[in-house]
Amino acid sequence: MSGPLKITVLGSGTSVGVPTPGCHCKVCTSDDPRDKRLRPSILISYDGRNVVVDTTPDFRTQVLRAGVDHIDAVVFTHAHADHIMGMDDLRPFNFRQKTRIPIFAAADTMESIQRCFRYIFDDRERESSIPQLDCHTLNGERFDLFGLEFLPVRIFHGRAPIYGFRFGQAAYLTDHSEIPEASLEQLRGLDVLFLDALRHNPHPTHSTVERSVKLAGELAPRRAFFTHICHDLAHTQTESRLPPHIRLAYDGLELEVESNA
Ligand SMILES: [Zn+2]
Ligand SMILES: [Zn+2]
Ligand SMILES: [Zn+2]
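Start counting the sequence shown at 115; every next residue gets the next number (the numbering used here).
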């Protein structure tokens, strides 16, 4: 394919979302809509196709809010609850489209998905509907989705090796504490780079604002967007201390990126 693709940020929040239930802090009670963050996910649209990265527990709300009327594929980064738990809400798209929906994940992620959603995959006769999905296991090689090439990028989420994805002139890395050297080589000089920036304080499985600013400096994307953000970071105040080409992602943010890699 050629021409631009569109990225819509469906959610920019950490695993519990912002506001965090029960919390009365400044960010959780903020009036700024950009301080309201659903769980982390993006939609990639091109050539009339919609590919979603991760089905969060907020997936239903996210597709309604973004006006998504079809889904052609789902790509999973890893099997933590904040990235998979909305998968059952693919059903209405099966009904509308009258097709199965392909899902893509690394072998260990696929195994966890199949364990968590055993009722979808156990081949039993049933009276109620279940998502109709075709599972595709990723082996680290690039793969084609409707004419757009996706490159799985190995990143470390604490001790767990998971995937980020590069597509066209963009890459989406949502949960990482460490990025191996070989992966850094795959991420240099992009137009748009999404990075994990949970908060300022160090965390064993996530990056911080400071680390991701350094990473963005090293990888030199034209624009970097931070995501997987917790309630420590107020949108306006945090951005005011960032260089102009590094911004916090927010729910509903739309970006255009060239599709040629
Ligand atoms: Zn996460
Ligand atoms: Zn809070
Ligand atoms: Zn995670």
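In this text, a Cβ means the ideal position worked out from N, Cα and C, and glycines have one as well.
CB-CB under 7 Å to residue 148, same chain, minus the five flanking residues each way: which ones, in chain order? The beta carbon of residue 148 lies closer than 7 Å to those of 349, 364 in the same chain, with the five residues before and after it left out.
Determine the contact status of residue 262 and residue 115, defining contact as a CB-CB distance below 7 Å. With respect to the 7 Å criterion, residue 262 and residue 115 are classified as neighbours on the basis of their beta carbons.
Can you tell me which of the three DSSP states residue 338 falls into? Per DSSP, reduced to three states, the secondary structure at residue 338 is strand.
In DSSP terms, what residue 258 is bridged to: 263.
Taking a cut-off of 5 Å, which residues have a beta-carbon closer than that to any heavy atom of ligand 2, in chain order? Having a Cβ closer than 5 Å to some heavy atom of ligand 2 are 134, 137, 139, 142, 345.
Residue 121 to residue 163, Cα distance in whole Å? Residue 121 and residue 163: Cα-Cα distance of roughly 12 Å.
Would you mind giving the Cβ-Cβ distance between residue 168 and residue 198, rounded to the nearest angstrom? I have them listed as a contact below 8 Å. Indeed, because the Cβ distance is near 7 Å, the residues count as touching under 8 Å.
Cross-strand partners of residue 164 (DSSP beta bridge): For residue 164, which the question treats as bridged, DSSP gives the partners 159.
Roughly how many angstroms lie between the CA atoms of residue 256 and residue 362, to the nearest whole one? Residue 256 and residue 362: Cα-Cα distance of roughly 28 Å.
For residue 139, which residues in the same chain have their Cβ closer than 7 Å to its Cβ, ignoring the five residues on either side in sequence? These residues qualify, in order along the chain: 345.
For the beta strand (DSSP E) containing residue 206, name the first residue and the last one. From DSSP, residue 206 is part of no beta strand (DSSP E) but of the alpha helix (DSSP H) over 205-211.
Where the alpha helix (DSSP H) containing residue 225 begins and where it ends: From DSSP, the alpha helix (DSSP H) with residue 225 extends over 221-230.
Assuming residue 360 and residue 330 form a contact by the criterion Cβ under 8 Å, report the distance between their Cβ atoms to the nearest whole angstrom. Indeed they touch by this definition, with Cβ atoms about 5 Å apart.
Per-residue DSSP class, three states only, for residue 333: When DSSP states are grouped into helix, strand and coil, residue 333 belongs to the helix group.
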